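Just below is one structure, and these are the notes that go with it.
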Amino acid sequence: MRRDLRTPATGAAGAAGVPAAYHEARLAYRQGRIADALLALDDLLEAPELLADPARRDAALLRAWCLIERKDPDAARAWLRTAREARLVPSGDVTARVIDLNARLYAEDHEAIAAEAEELLTTCVDPADLDHAELRLILGASLRWQGRLEDALGHVEFACSAFTVLDEPGRCAVAANFLGWTCLSLGRLTEARRWFEKSLGINTRLEAPARMAQNYQNLAIVCYKQGDYALAVELLEKELELVRPHPDMTCRALIALGNVRRLQGEYFAARAVLLDAFALAEQHGYRREQVLALEFLGDVFRDENRPAEARMYYSRGLAVARELAPRGDLVMELLRRRGECLDREGAHREAEAVLHQALELAREVGDGFETAVIHRCLGVNAARLGRWQLAQRELETALEGLQGLDARYEAMVASYELSRLLLRRIDAGQVGGQSGPVLEAAWQHGLRAQQWGQETESPVLVREIAEHLGEIARRRLLGAEHKSWSASFATHRAVTSRVVAVSRAMQQVLRRCDGFARYGTPVLLSGEPGTGKELLAHRIHENSHRGARPLIRVDCAAPGGDGLAREIFGHLVDGQATPGLVSQAEGGTLLLAGIEHLPRDLQARLLRLIQEGIYRPEGTAREQRGDVRLIATSSADLAGLADRNGFRQDLYFRLRLMSVHVPALRERPEDVVPLLDHFLCRLEGSSLPARTLLGVENLGRLAEHGWPGNADELETLAQQAWLLRDLGRPLTLAVEEGSDGRRRLAFAERPPAGRRAGGLTRAALDDLIARTGGNKARVARNLGISRVTLYRWLRQAESGPAS
């Protein structure tokens with residue numbers, strides 16, 4: 000049965016043997032004025048003979064509760080031992096054991112605590128007993144920290160109801176607050192908000208500022224998950240005013256504030272706040288708070304498009320989280336983030352495996368919010384792997400879950416990704432005759448993403464979503480089948496972004512490029528000349544949200560000085576502005592070919608364009624904003640140049656954040672024949688396999704060759720083979736030594752007996768010139784003649800075969 004004065008908020012004022020000081024101490028405890036409560040209790044306990052036996056015990060136990068509230072569990076346990084030795088508390092007292100279990104929760108030995116609480120509940124079976132309610136709360140807490148959220152929920156709900164019936168408002172507020180946390184972990188944001196508001200209401204009536212501060216923080220977390228950032232900041236600032244004497248609460252408030260600042264796009268401020276929080280957590284040994292600070296610091300780097308650095312923070316956090324609860328909520332959240340970063344870095348298969356681990360944990364702990372977010376990440380991952388039907392299913396599942404949770408920020412991201420995917424499926428011809436309805440679905444999802452972005456006042460993706468909607472609107476006017484790129488191609492030319500990649504090395508390159516496509520950060524493509532760096536640059540541009548805008552190429556090896564500066568940044572002529580290449584690429588991509596040759600003064604100006612989005616045309620003092628993404632190619636060792644002061648280090652560090660090294664063709668010999676097939680088919684306009692054209696012997700020589708000119712050398716060889724076949728000449732490969740000392744493959748040019756070397760009609764010559772885009776020098780080179788001879792043939796062919 001329930002006994003009076005057994006717990007900190009129990010008993011009637013004025014009971015026999017209970018001094019007024021004890022009631023004052025209880026009131027101070029309920030209001031969170033722990034220092035005042037301890038002062039009053041210490042005065043009482045110095046003369047325990049003034050207290051009747053029950054009141055002496057209750058004063059001793061209340062002092063232990065105060066030490067728990069002060070977050071000093073070691074002191075609480077030490078005091079309980081002292082109280083037993085002084086016979087203030089009987090040996091084996093159940094309430095004392097309850098307080099001891101509360102203290103041990105801080106040591107995070109959750110499995111042992113749960114087992115002991117369950118054992119005590121077998122002896123403390125009366126639901127009207129406060130000890131029973133406290134044990135149910137302890138059991139719920141220990142289960143929650145183990146990640147068993149659904150199991151925890153029932154115990155904490157029972158405790159909350161029991162405290163209400165037993166007229167223990169302070170403990171009811173604690174239980175309601177814990178229910179809010181459990182619902183939050185389950186992704187039930189609206190329920191979590193209701194419980195936190197209930198706890199805040201009780202603590203406000205009790206005039207308990209420290210507990211109100213905790214409620215402010217928890218409500219702020221729900222608000223920022225729902226996208227109410229301004230309200231979240233307001234609540235956290237209220238909390239920080241109240242918790243300055245409490246390092247643990249200050250630490251948690253800083254973590255939450257840092258995360259909100261990140262969501263608002265204020266990355267510098269977010270990083271500073273989170274580093275302060277981590278230092279505070281490390282100083283006081285708050286391990287869970289250390290993990291949370293590391294998790295959100297990683298998020299800052301992830302949002303700044305620095306996924307590799309983000310993963311370093313996630314790995315540090317995982318090491319601690321796995322010690323706390325190997326299959327708990329923190330491990331789940333960090334695994335999801337690690338998978339997301341791996342996906343962005345191009346390691347799509349590894350990312351897929353990690354995300355499925357996270358999904359298994361999310362389902363195990365019953366976290367609906369994380370489950371939905373992981374489905375969104377898996378949808379993006381599936382799209383990058385080319386599994387577009389699976390990607391659509393995953394994104395639709397994610398969106399359905401997030402809408403039900405009123406998680407507007409994540410719903411915005413999922414809806415935008417789904418809209419983009421639908422557009423890509425139309426472009427790939429995967430929707431059959433349903434282009435119109437699919438385009439309309441993409442439009443609706445894009446509009447919904449934009450609406451959620453406006454509701455949450457989130458700066459993330461705002462411009463991308465607006466540009467994406469603009470592209471869909473244009474297509475709706477022009478027709479669903481209209482592609483997002485407008486460039487026309489010659490009859491026998493393939494799309495520029497078509498990259499042949501059979502080798503594992505080149506497939507990894509493509510994964511990285513496709514992963515980098517969605518961001519606005521500069522990309523550095525390095526590798527030997529002729530490896531296809533500019534082709535990859537086109538692919539990145541076309542797969543990005545800027546794909547409908549221009550890609551403008553800058554030849555950094557062109558004559559430097561004012562001429563190149565005027566070409567890039569524009570200039571004034573007779574008071575009239577002449578736009579440069581940056582202006583022409585507005586909204587699109589600026590391709591800096593051979594950036595190692597860029598003059599040093601232009602490197603400084605380019606760095607400012609990257610950092611601030613600002614440039615100044617030549618001859619003018621007025622600065623302009625430039626919305627361009629930069630992709631740079633380099634055939635040199637840019638890191639070595641930067642170390643030797645041959646290239647600005649600060650610019651190199653900016654470029655290397657997203658870097659791709661393209662391997663030489665000799666390092667991926669399995670790509671040689673597929674590439675040759677590709678070049679021949681492009682020239683022929685239909686299938687023309689290399690094996691059919693060249694034979695087994697010639698293919699063997701191709702495999703043994705070192706390809707100093709890489710894919711460019713192979714393409715030239717393909718053109719030569721195609722021309723010779725067209726002329727009816729034999730295709731016999733031979734090795735030639737060039738003027739640079741390098742050995743190259745070429746076809747021996749011995750025309751068949753009785754045929755003149757220039758036996759071509761004017762129509763045949765014109766066709767050869769057209770196939771090279773009008774480049775007569777290349778035609779002459781491919782035919783093995785001089786340009787003078789080619790022009791003579793053209794004149795002679797006006798009236799018949801050239802001679």
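Heads up: the sequence shown at position 199 corresponds to 198 in numbering that gives the first Met the number 0, and the numbers run straight through without jumps.
For every residue, glycine included, the Cβ atom is placed at its ideal position computed from N, Cα and C.
Since we're looking at a predicted model, the values are computed, not measured.
query, result
"Taking the alpha-carbon of Val-330 as reference, which of Gly-378, Arg-305 and Ala-361 has the nearest alpha-carbon?", "Ala-361"
"Rounded to whole angstroms, how far is the Cβ of Ile-464 from the Cβ of Gln-449, which I believe are closer than 8 Å?", "5 Å"
"On the premise that Gly-445 lies in contact with Tyr-415, defined as a C-beta separation below 8 Å, what is that separation, rounded to the nearest angstrom?", "7 Å"
"Which one of Val-659, Leu-589, Ala-357 and Gly-612 has the shortest CA to CA distance from Asp-554?", "Leu-589"
"If you run the structure through DSSP and keep just helix, strand and coil, what is Tyr-285?", "coil"
"Report yes if the CB atom of Asp-803 is closer than 8 Å to the CB atom of Gly-186, and no otherwise.", "Residue 803 is absent from the model: the chain starts at 0 and stops at 802."
"Ignoring anything shorter than 4 residues, give me the alpha helix (DSSP H) runs that lie fully in the segment 92-129, in order along the chain.", "93-103 and 109-120"
"Looking only at its chain, what residues have a beta carbon closer than 6 Å to the beta carbon of Thr-788, apart from the 5 residues adjacent to it on each side?", "none"
"Cβ atoms of Gly-327 and Ala-320: under 8 Å apart, would you say?", "yes"
"Can you list, in chain order, the residues of its chain with a C-beta nearer than 7 Å to that of Ile-373? Leave out the 5 residues immediately preceding and following it.", "Arg-335, Leu-354, Ala-357, Leu-358 and Ala-361"
"Any idea what DSSP makes of Gln-575, helix, strand or coil?", "strand"
"If you follow the alpha helix (DSSP H) that Val-221 is in, where does it begin and where does it stop?", "208-224"
"Would you say the segment 107-124 touches the segment 72-81, given that touching needs at least three Cβ pairs under 8 Å?", "no"
"Mark Ile-613 as exposed unless 16 or more other C-beta atoms lie within 10 angstroms of its C-beta, in which case mark it buried.", "exposed"
"Is Arg-538 buried or exposed, if buried means 16 or more other CB atoms sit within 10 Å of its CB?", "buried"
"Under the rule that 16 or more other beta-carbon atoms within 10 Å means buried, what is Asp-342, buried or exposed?", "buried"
"Would you kindly work out how many angstroms separate the C-alpha atoms of Phe-652 and Arg-305, rounded to a whole number?", "12 Å"
"Is it a yes or a no for the segment 193-207 touching the segment 164-178, going by three-plus beta-carbon pairs under 8 Å?", "yes"
"Give me the residue from Val-124, Gly-297 and Asp-670 with the minimum Cα distance to Gly-316.", "Gly-297"
"Under the criterion of a Cβ to heavy atom distance below 7 Å, does Arg-473 qualify as lining the ligand ADP?", "In the structure on display, the ligand ADP does not appear, and there are no ligands present to speak of."
"Could you tell me whether the segment 638-653 touches the segment 539-546, using the rule of 3 or more Cβ pairs below 8 Å?", "no"
"Entirely within the segment 334-388 and at least 4 residues each: give me those alpha helix (DSSP H) ranges in chain order.", "347-364 and 367-383"
"How many Å lie between Arg-700 and Leu-732 at the Cα?", "8 Å"
"Starting from His-660, follow the beta strand (DSSP E) in both directions and report where the run begins and ends.", "658-660"
"With a threshold of 16 other CB atoms inside 10 Å of the CB of Phe-267, please say whether the residue is buried or exposed.", "exposed"
"Where does Asn-101 land, buried or exposed, given buried means 16+ other C-beta within 10 angstroms?", "buried"
"What are the boundary residues of the beta strand (DSSP E) that includes Ser-525?", "522-525"
"Would you report the Cα separation of Val-501 and Gln-507, rounded to the nearest angstrom?", "10 Å"
"Sort out for me which residues DSSP pairs Val-553 with in a bridge.", "Leu-591"
"Relative to the C-alpha of Leu-804, which candidate in Val-299, Arg-510 and Ala-556 has its C-alpha closest?", "With the chain running from 0 to 802 in the structure shown, residue 804 is simply not present."
"Would you list the one or two residues that DSSP bridges to Glu-617?", "His-570"
"Determine, using beta carbons only, whether Phe-277 and Leu-293 come nearer to each other than 8 Å.", "yes"
"Once you ignore the five residues that flank Tyr-790 on each side, which residues in its own chain have a CB closer than 6 Å to its CB?", "none"
"Please report how far the alpha carbon of Pro-168 lies from the alpha carbon of Phe-162, in whole angstroms.", "7 Å"
"Since Glu-369 contacts Gly-226 with CB under 8 Å, what's their CB separation in whole angstroms?", "Not a contact, Cβ separation roughly 17 Å."
"For Arg-628 and Gly-519, which I take to be in contact (beta-carbon distance under 8 Å), what is that distance rounded to the nearest angstrom?", "5 Å"
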